[in-house]
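See below for the structure under consideration.
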DNA sequence: ATAGCCGTGGAGGTCAAGATCGGCGTGCAG
DNA sequence: CTGCACGCCGATCTTGACCTCCACGGCTAT
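Protein chains in written order, with the working numbering: chain S, 106 to 322; chain Y, 106 to 322.
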């Protein structure tokens, strides 16, 4: 249907063309421009020309900072993968009260999907998951987050590691999917209330499992 | 890194070349071949040549049955989207006991990811989500499934529709992510036990919300 | 002030992959 | 027997996207 299908939403004006920047600053600017384009269009639809134009720079400059398109993408991906893992770990370490742990972790996911102009899409909605290097990063994120949650679960319940990992994957998946779902919704439920509601759901679910020693399920 | 990057895992021998088939049968065979290739390689890495070769047919035949690559992909996508929606709806309608509803729905997701040689990847791990037609289908699946779950939640708790949708999205996300996670795991936890475990998690979580009339949360 | 240097820019090569054109063989109707 | 229709194939065209080659302009050292 009519018009503007391929047009990019220009959230920010194209940089003035012809300014000279020190190497490090230029690199960061290129990363920023690349992120905007990758987030808006995905990996495949994003052209190196688009990224160069977005940064107000010509294509060879891009290749003087990054060997290729994939490297550029991986640089961004690594950055944001690490951010989520650290954020989840911090949330789990922020308290020893397990219910507050659930709340903090849920909030971490919500904060993550709201930050950085949609950078989470590189991790959770990548269109390059068939590339082994990308697959590896994405799997690493879900695994490390699940492991972090699993540590707490295995510690505080009598469940086996495999069972704890299943529960941890489920809770991580719940948080990830629902945070994205909330982000795309009309936000008639404010973030704090959504986090509260989902914390109730998750906490009631996980708190019912047996503690140390007891072995009934 | 060493060899065989572009090689396809040939799970089944390439069809004998030169057989003549009636039009309808050929179409179905092409759909089958396309599904195998799309599942194994994703949309972008899958070449029309690969699909034709897989079916033991030359490329023009492919184009005599489908106008283009996207149409072929959408035909498969529609098929499997509808399958999941129906499966979830059936699970929810299979009983009036809410705990059994949770169990049946969880099992539906597990069954879905195990069926059809990984066809679920077209829905949950598509690398074409930037294509509006694909995005629409995928969103429709998650939405319809969440709506179906939401109906039950909104019916049996005093929560608003928006809040119920959040919980429904969360539970759907939980089931989807954990089913995929279990599928890729070493399966040291057998499917029935995994379903049981996650049913406990989800049911304990959702059962704690207020019933009709009562309004404490 | 001036000569040299380094980073920038536009134009072009290469290649993979989607889409297509004319010819071949087989089976059936007359 | 002969002509026709149908299904199929090899070979080719074209587009688009990633990735480099020759000219330009501002900074530095003497």
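Cβ coordinates follow ideal geometry from the N, Cα and C atoms, glycine included. Computed from a prediction, not measured in an experiment: that's the story for all the values here.
Limits of the unbroken alpha helix (DSSP H) element including residue 212 of chain Y
203–219
Please list the residues of the region 180–211 of chain Y that have a C-beta atom closer than 8 Å to any C-beta atom in chain S, keeping them in chain order.
none
If we ignore side chains and look at the alpha-carbon of each, how far apart do residue 161 of chain S and residue 171 of chain S end up?
CA-CA distance, residue 161 of chain S to residue 171 of chain S, rounds to 16 Å.
I need the DSSP call for residue 291 of chain S, collapsed to helix, strand or coil.
coil
Relative to chain Y, which residues along the region 140–165 of chain S have a C-beta separation below 7 Å, given in chain order?
146, 147, 149 and 150
At which residues does the alpha helix (DSSP H) containing residue 225 of chain S begin and terminate?
From DSSP, the alpha helix (DSSP H) with residue 225 of chain S extends over 225–229.
Span of the alpha helix (DSSP H), counted from its first residue to its last, around residue 247 of chain S:
237–261
For residue 136 of chain Y, which residues in chain S fall below 9 Å Cβ to Cβ?
In chain order: nothing, as chain S lies at least about 21 Å away.
Sorry if obvious, but does the Cβ on residue 286 of chain S come closer than 6 Å to a heavy atom of the ligand HEM?
Of ligands this structure carries none, so the ligand HEM is not represented either.
Taking the beta carbon of residue 155 of chain Y as the centre, do at least 16 other beta carbons fall within 10 Å, making it buried, or is it exposed?
buried
According to the Cβ coordinates, are residue 142 of chain S and residue 186 of chain S closer than 7 Å?
no
Compute the Euclidean distance between the alpha carbons of residue 140 of chain Y and residue 253 of chain S, then round it to the nearest angstrom.
Each residue's alpha carbon lies about 36 Å from the other.
Whole-angstrom Cβ separation of residue 231 of chain S and residue 243 of chain S, contact assumed at under 8 Å?
6 Å
So the candidates are Y:204, Y:174, Y:258 and Y:220; which of them puts its Cα closest to the Cα of residue 239 of chain Y?
Y:174
Under 7 Å by beta carbon: chain Y residues contacting residue 261 of chain S:
The premise fails here: residue 261 of chain S is roughly 14 Å from chain Y at the closest Cβ pair, so nothing lies under 7 Å.
Have a look at S:203, S:212 and S:256 and flag the residue whose alpha-carbon is nearest the alpha-carbon of residue 309 of chain S.
Comparing alpha-carbon positions, the option among S:203, S:212 and S:256 lying closest to residue 309 of chain S turns out to be S:203.
Would residue 177 of chain Y count as contacting chain S if we go by Cβ distances under 7 Å?
no
With a Cβ-Cβ cutoff of 7 Å, do residue 255 of chain Y and residue 277 of chain Y count as a contact?
no
Since residue 137 of chain S is in the alpha helix (DSSP H), which residue starts that stretch and which ends it?
128–150
Of the residues that make up the region 215–238 of chain S, which ones have a beta carbon closer than 7 Å to any beta carbon in chain Y?
230, 232, 233, 234 and 235
At least 3 beta-carbon pairs within less than 8 Å: the region 260–275 of chain S vs the region 177–186 of chain S:
no
Check whether the region 142–153 of chain S touches the region 222–230 of chain S, counting contact only when three or more Cβ pairs, one atom from each stretch, lie closer than 8 Å.
yes
In the structure shown, what three-state DSSP assignment does residue 183 of chain S receive?
helix
Going by alpha carbons, who is nearest to residue 213 of chain Y out of Y:158, Y:236, Y:281 and Y:294?
Answer by Cα proximity: Y:281.
Residues of its chain near residue 211 of chain Y, where Cβ-Cβ distance is below 6 Å and the 5 sequence neighbours each way are ignored:
Beyond the five residues adjoining it in sequence on each side, residue 211 of chain Y comes within less than 6 Å, by CB distance, of 280, 300, 303 and 304 in the same chain, given in chain order.
Check whether the Cβ of residue 241 of chain S lies closer than 7 Å to any Cβ atom in chain Y.
no
Decide if residue 307 of chain Y is buried, meaning its Cβ has at least 16 other Cβ atoms within 10 Å, or exposed.
buried
Separation of residue 150 of chain Y from residue 149 of chain S, as counted between CA atoms
Taking the straight line from one Cα to the other gives about 11 Å.
Against chain Y, with Cβ distances strictly below 7 Å, would residue 173 of chain S count as a contact?
Output row for residue 173 of chain S: interface = no.
As assigned by DSSP and simplified to three states, the class of residue 172 of chain S
coil
Do you know offhand how far residue 286 of chain S's Cα is from residue 275 of chain S's?
16 Å
Below 8 Å on the Cβ atoms is my guess for residue 294 of chain S versus residue 267 of chain Y; work out the distance and round it to an integer in Å.
Right, the Cβ-Cβ distance comes to about 5 Å (below 8 Å), so this counts as a contact.
Whole-number beta carbon distance between residue 215 of chain Y and residue 296 of chain Y, since they are thought to touch under 8 Å
6 Å
At the level of alpha carbons, what is the spacing between residue 207 of chain S and residue 229 of chain Y?
26 Å
Look at the Cβ atom of residue 159 of chain S, then the Cβ atom of residue 138 of chain S, and state whether they are nearer than 7 Å.
yes
Please name the residue in Y:189, Y:132, Y:194 and Y:179 whose C-alpha comes closest to that of residue 165 of chain Y.
Y:132
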